[in-house]
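Note sheet for the following structure.
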Amino acid sequence: MIDKKDVLDNGPFFHGTKAELKIGDLLEPQRLSNYQDKKSNYIYFTATLDAAKWGAELATSKSKERIYIIEPLGDFENDPNVTDKRFPGNPTRSYRSKSPLKIIAELGSWERHSDEEM
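All the letters of the sequence shown, read from the start, carry residue numbers 1 to 118 under UniProt numbering.
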């Protein structure tokens, strides 16, 4: 894990989901995943709006898609599920943490990916 003091990315950071949350709420690991019927050891987030859109759009719930602006409250690392896979490095600026993420705001409006992209 990268220590929060050792800047990996300055953000801003986003979390795409279908969960309805309030400013000040904490997203924590060991909760049910947005994508599978099991608990996740990490909480995932990104510094790109495009990756956050995918997170919201691909979540399995039938609820409204939402993107939140978040603040990581602890150390985080590159998401190994996408880092150094199709492209070198972490071009999606996707991260994961075992520490909570604090909801700072909800992104009011954003454009979904097209049907062709989905």
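Note that the Cβ used here is the ideal one computed from N, Cα and C, for glycine as well. Keep in mind it's a predicted model, so treat the numbers as computed, not measured.
Exercise for the section: Check A52 in the structure and name its three-state DSSP category. Expected result: Residue state, collapsed to three classes: helix.
Exercise for the section: Over the uninterrupted beta strand (DSSP E) stretch that includes R96, give me the two end residues. Expected result: Here the beta strand (DSSP E) through R96 covers 94-97.
Problem - Buried or exposed (CB count within 10 angstroms, at least 16 for buried), N78 - result: buried
Exercise for the section: From the DSSP output, read off the bridge partner residues of P88. Expected result: P88 is not bridged to any residue.
Handout entry: Exposure label - R112; buried when at least 16 CB within 10 Å
Key = exposed
Handout entry: Alpha carbon of E116 to alpha carbon of A51, nearest angstrom
Key = 16 Å
Problem - For L8, three-class secondary structure by DSSP - result: coil
Problem - Euclidean distance between Cα positions of P12 and D75 - result: So the alpha carbons of these two residues sit roughly 15 Å apart.
Exercise for the section: Please name the residue or residues paired with P72 in a DSSP beta bridge. Expected result: L101
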